Amino acid sequence: MKILIVDDDPVIRALLEHELTRQGHEVIAVSDGMLAWEVILQEPIEMLITDWQMPEINGLDLCRLVRTVAPGMYIYTILLSGFSEHENVLAAFEAGVDDFIPKPVNLAILNARLRAGERIVKLEQEIAQRSESLLEMNLMLNEARASMRRDLEAGAELQHNLLPPPMYRSGEFQAGWLYKPHSIVAGDMLNIFERDEDTLVFYLFDVVGHGIRSALLTVSITKMLTSPGDSRPLQDDRMTEERSAQYVLQHLNDRFQSVDTSQYFTMVYGTINRKTGQVHLGQAGHPPPILIGPNGERTLVGDGGMPIGWIADTEFETYDLLLEPGGRLILYSDGVTECENADGVMFTPERLAEHFAEMRSHTIAETLAALDQKITAWAPGGTFDDDLSALVIERDGR
C-alpha cells in the first residue's frame, strides 16, 4: 500500500517509516499536517498514519479534511496519540478516523491494525471499481435506450407516413381519422385510397399486442394492401366489387398462417363504388363497423368472425350496404370500445354509435376531436391500455 506517515517527532517518524518500508509498503513521511495535505492532493494515498498533536494542522483536523474534500479513492486513517481518554477517542472517531492507537506505539499492534486496514482499503477499491463498471454499464444502457427510442421514433414516423391525408377527399366522399398509439409505435393501421376511377378502397386492422413486433407487421400488411408492384398483388383492377373483400381477407389469412398463434390481427376491409355509394366490406374478427344514416339511424354491421392468421381456409363474412348522401361509415379498433372507465365499464360500440349519431351535423374533424376528448375523459387519468384508431368516411349530401 501507499502509506503517508505524519509526525513531528523525527524518531517516531523514522521508526515507522523503516518498519513499514521493511514490510513492503511504499512510504512517504512528513513532519506536519500542512505538508501531509499537500501530499494528499498530489498523490494517490491509500492509508494515513498521523500524530494528533502537530503544528499548523493537527491530526484531527487533517482527518476531517481527508473526509470532506480529499479527492480520489478512500483513505484509511489511523490516529496516534498519547490521549487515550474515552472522550478523546470518541472525538477522533467523530472526526472520521478509522482507527486509534495510543502512544507509545506497539509495533505488533500497529502491524495487526495495518492488515485490518489493508483489507478495508482493498474492499473500498473493489467497491469503487464495481461502481465505475456499473456507471459505465449504465451509460451504455442509457445510450442503448436512447438509440432504441430513436429507432422507435423513426418507426413511428414511418407508420404515420402510411396514413392517408388528415382530411381525405375523393369526389363526393371525404374521410378523417383518429390515431393514438399506446406507445411510440402502434399495432393499428388504417387507410383509404382510390383503386381506380370508380372504386375507393378502405381498411382498418389491429395487430395483437404492442411494440416493435406488432409495428413491423403493420408495415408489412400495409405494403401488401397498397403496393401494386407486389408479386401477389392484393389491389388488382380486374377484381370485381363482389369478390374483392373475400379475396383480400383470404389471401392475407393464407399469407400469415404461422405456428405462432399469438401473432394475428383483426380487420375490416372494403370498397365503395364512387358513383352509387354501394359498399362491399369483409370482417375478420374485428369490431362491427358503424353505419350512420342521413337522419341519424345507427347500424352495427357484422358479428366479428375469425381473425386473420388463426385458421387456414377460413371463409370470412362479407356485407353489402349503401352509404347514402349525408351518411357516414365508421371503422374503429377495439382500443376505443373496450376502453374502461374507473368503474371498469367499457365504452362499447353502442356508445360510440350514439356519439356519431349525435354529432352527424358536425364536420368529421369536429366529431373526431369530440371523440378524442370524450374517450380521454372516459379513461382513468386519460391513459390507455391499447392503441386507439378510427376511420370516418362520409358521403356529401347532408
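Numbering (this note's numbering), first residue to last: -14 to 383.
Virtual Cβ for every residue (Gly too), placed ideally from N, Cα, C.
From a predicted model like this one, the values you see are computed outputs, not experimental measurements.
Original post:
Are the beta-carbon atoms of Tyr249 and Val193 separated by less than 7 Å?
Top reply: As a working mapping, residue 249 is identified with position 264 in the sequence shown. As a working mapping, residue 193 is identified with position 208 in the sequence shown. Cβ distance < 7 Å, so Tyr249 and Val193 count as in contact.
Original post:
Between the C-alpha atoms of Ile315 and Ile378, what's the straight-line distance to the nearest angstrom?
Top reply: Numbered from its first residue, the sequence shown carries residue 315 at position 330. Numbered from its first residue, the sequence shown carries residue 378 at position 393. Whole-angstrom Cα-Cα distance: 6 Å.
Original post:
Taking all protein chains shown into account, do 16 or more other C-beta atoms lie within 10 angstroms of the C-beta of His145, making it buried, or fewer, making it exposed?
Top reply: As a position in the sequence shown, residue 145 is number 160, starting the count at 1. Result: exposed.
Subject >> Buried versus exposed, by CB contacts within 10 Å (16 or more), Asp305 >> reply: Here residue 305 corresponds to residue number 320 of the sequence shown, with the count starting at 1. With fewer than 16 Cβ atoms within 10 Å of its Cβ, Asp305 is classed as exposed.
Subject >> CA nearest to the CA of His167, picked from Val90, Leu376 and Ala364 >> reply: On the sequence shown, residue 167 is found 182 positions in, with the first residue counted as 1. His167 has its Cα closest to that of Ala364, out of Val90, Leu376 and Ala364.
**OP:** Can you tell me which of Gly287, Ser16, Ser132 and Thr348 puts its alpha carbon nearest to the alpha carbon of Glu41?
**Re:** If you number the sequence shown from 1, residue 41 lands on position 56. Checking every option, the nearest Cα to that of Glu41 belongs to Ser16.
Original post:
Roughly how many angstroms lie between the CA atoms of Pro149 and Ser374, to the nearest whole one?
Top reply: Start at 1 with the first residue of the sequence shown, and residue 149 comes out as number 164. Start at 1 with the first residue of the sequence shown, and residue 374 comes out as number 389. If you take the alpha carbons of Pro149 and Ser374, they lie about 13 Å apart.
Subject >> For His265, the three-state DSSP class (helix, strand or coil) >> reply: In the sequence shown, the residue the question calls residue 265 occupies position 280. Three-state DSSP puts His265 in a strand.
Original post:
With contact counted as at least three CB pairs below 8 Å, one residue from each stretch, are the stretch 86 to 94 and the stretch 57 to 68 in contact?
Top reply: yes
**OP:** Can you have a look at Asp371 and say buried or exposed, based on whether 16 or more other CB atoms are within 10 angstroms of its CB?
**Re:** Reading the sequence shown from its first residue, position 386 is the one you call residue 371. When all chains shown are included, Asp371 counts as buried.
**OP:** List the endpoints of the continuous alpha helix (DSSP H) containing Asp136.
**Re:** Indexing the sequence shown from 1 puts residue 136 at position 151. Leu92 to Leu147 is the extent of the alpha helix (DSSP H) around Asp136.
Original post:
When the Cα of Gly289 is compared with those of Pro279, Pro274 and Asp298, which residue comes out closest?
Top reply: Here the question's residue 289 lines up with position 304 in the sequence shown. Minimum Cα distance to Gly289 is reached at Pro274.
Original post:
Opposite Gln426 in the DSSP bridges: which residues?
Top reply: Past the boundaries of the shown model lies residue 426; the chain is included only from -14 to 383, so the question cannot be answered.
Original post:
What residues in its chain sit with their C-beta under 6 Å from that of Ile(-12), if we drop five residues either side in the sequence?
Top reply: Here residue -12 is taken as the residue at index 3 of the sequence shown, counted from 1. Answer for Ile(-12): Leu5, His10, Val12 and Met32, listed in chain order.
**OP:** Could you tell me how far apart the beta carbons of Leu175 and Leu185 are, in whole angstroms, since I believe they sit closer than 8 Å?
**Re:** Along the sequence shown, read from residue 1 onward, the residue named residue 175 stands at position 190. Along the sequence shown, read from residue 1 onward, the residue named residue 185 stands at position 200. That pair is no contact at about 13 Å.
Original post:
Going by DSSP, what residues sit across from Gly255 in a beta bridge?
Top reply: Residue mapping note: residue 255 aligns to position 270 of the sequence shown, counting from 1. Partner(s): Phe187 and Leu266.
Subject >> Separation of Asp181 from Asp222, as counted between CA atoms >> reply: Stepping through the sequence shown from its first residue, residue 222 is reached at position 237. Stepping through the sequence shown from its first residue, residue 181 is reached at position 196. Confidence in Asp222 is poor, its pLDDT being 49 and thus under 50, which makes the residue's placement too unreliable to answer from.
**OP:** Determine the extent of the alpha helix (DSSP H) in which Leu308 is found, giving its start and end residues.
**Re:** Along the sequence shown, one-based indexing puts residue 308 at 323. Per DSSP, Leu308 belongs to no alpha helix (DSSP H) and is neither H nor E.
Original post:
Do the CB positions of Thr303 and Ala230 come within less than 7 Å of each other?
Top reply: By one-based count along the sequence shown, residue 303 stands at place 318. By one-based count along the sequence shown, residue 230 stands at place 245. A contact, by the Cβ cut-off of 7 Å.
Original post:
Residues bridged to Leu285 by DSSP?
Top reply: By one-based count along the sequence shown, residue 285 stands at place 300. Looking at the DSSP assignment, Leu285 forms a beta bridge with Ile275.
Original post:
For the stretch -7 to 17, which segments carrying the beta strand (DSSP E) assignment without a break, of at least 3 residues, lie completely within its bounds, in sequence order?
Top reply: 11 to 15
**OP:** Answer with buried or exposed for Pro310, where buried requires no fewer than 16 other C-beta atoms within 10 angstroms of its C-beta.
**Re:** On the sequence shown, position 325 is the one that residue 310 refers to. Pro310 should be labelled exposed.
Subject >> Residues of its chain near Glu128, where Cβ-Cβ distance is below 6 Å and the 5 sequence neighbours each way are ignored >> reply: Your numbering for residue 128 matches position 143 in the sequence shown. Excluding residues within five positions, none has a Cβ falling inside 6 Å.
Subject >> Span separating the alpha-carbon of Ser216 from that of Asp183 >> reply: Translated into the one-based positions of the sequence shown, residue 216 becomes position 231. Translated into the one-based positions of the sequence shown, residue 183 becomes position 198. The predicted position of Ser216 is uncertain, since its pLDDT is 41 and thus under 50; no value can be drawn from it.
**OP:** Could you say which of Glu325, Thr284 and Arg198 lies nearest to Leu307 if we only look at CA atoms?
**Re:** Residue 307 sits at position 322 when you count from the first residue of the sequence shown. Among Glu325, Thr284 and Arg198, the Cα nearest to that of Leu307 belongs to Thr284.
Original post:
On the three-state DSSP scale, how would you describe Arg343?
Top reply: In the sequence shown, residue 343 corresponds to position 358, counting from 1. Sequence check: residue 343 is Glu here, not Arg. Helix.
Subject >> Own chain residues within Cβ distance below 6 Å of Glu109, not counting five before or after >> reply: Residue mapping note: residue 109 aligns to position 124 of the sequence shown, counting from 1. Result list for Glu109: Tyr59, in chain order.
**OP:** Count the other C-beta atoms from every protein chain shown that fall within 10 angstroms of the C-beta of Met344, then say buried if there are 16 or more, exposed otherwise.
**Re:** Locating residue 344 in the sequence shown gives position 359, where the first residue counts as 1. The residue in question, Met344, is buried, as its Cβ has 16 or more Cβ neighbours within 10 Å.
Original post:
Can you list, in chain order, the residues of its chain whose CB lies under 7 Å from that of Leu50, leaving out five sequence neighbours each side?
Top reply: As a first step, residue 50 must be located in the sequence shown, where it is residue number 65. For Leu50, where only same-chain residues beyond five positions count, the Cβ hits under 7 Å are Trp22.
**OP:** With a 10 Å radius around its C-beta and 16 neighbouring C-beta atoms as the bar for buried, classify Thr53 as buried or exposed.
**Re:** Taking the first residue of the sequence shown as 1, we reach residue 53 at position 68. It counts as exposed.
**OP:** State yes or no: is the C-beta of Asp(-8) within less than 7 Å of the C-beta of Asp36?
**Re:** In the sequence shown, residue -8 corresponds to position 7, counting from 1. In the sequence shown, residue 36 corresponds to position 51, counting from 1. Yes, the pair counts as a contact, with Cβ atoms nearer than the cut-off.
**OP:** Note the first and the last residue of the continuous beta strand (DSSP E) segment covering Lys208.
**Re:** For the purposes of this step, residue 208 is taken as the residue at position 223 of the sequence shown. Element bounds for Lys208: not the beta strand (DSSP E) but the alpha helix (DSSP H), Ile197 to Thr211.
Original post:
What separation, rounded to the nearest whole angstrom, lies between the Cα atoms of Phe158 and Asn123?
Top reply: As a first step, residue 158 must be located in the sequence shown, where it is residue number 173. As a first step, residue 123 must be located in the sequence shown, where it is residue number 138. So the alpha carbons of these two residues sit roughly 54 Å apart.
Subject >> 7 Å Cβ cutoff met for Gly294 and Phe241 >> reply: One-based indexing of the sequence shown puts residue 294 at position 309. One-based indexing of the sequence shown puts residue 241 at position 256. Result yes, Cβ atoms of Gly294 and Phe241 sit closer than 7 Å.
Original post:
Do you know how far the Cα of Leu237 is from the Cα of Thr211?
Top reply: Counted from its first residue, the sequence shown places residue 211 at position 226. Counted from its first residue, the sequence shown places residue 237 at position 252. Thr211 and Leu237: Cα-Cα distance of roughly 13 Å.
Original post:
Whose C-alpha, out of Tyr61, Thr261 and Leu119, is nearest the C-alpha of Ile25?
Top reply: On the sequence shown, residue 25 is found 40 positions in, with the first residue counted as 1. The candidate whose alpha carbon is nearest that of Ile25 is Tyr61.
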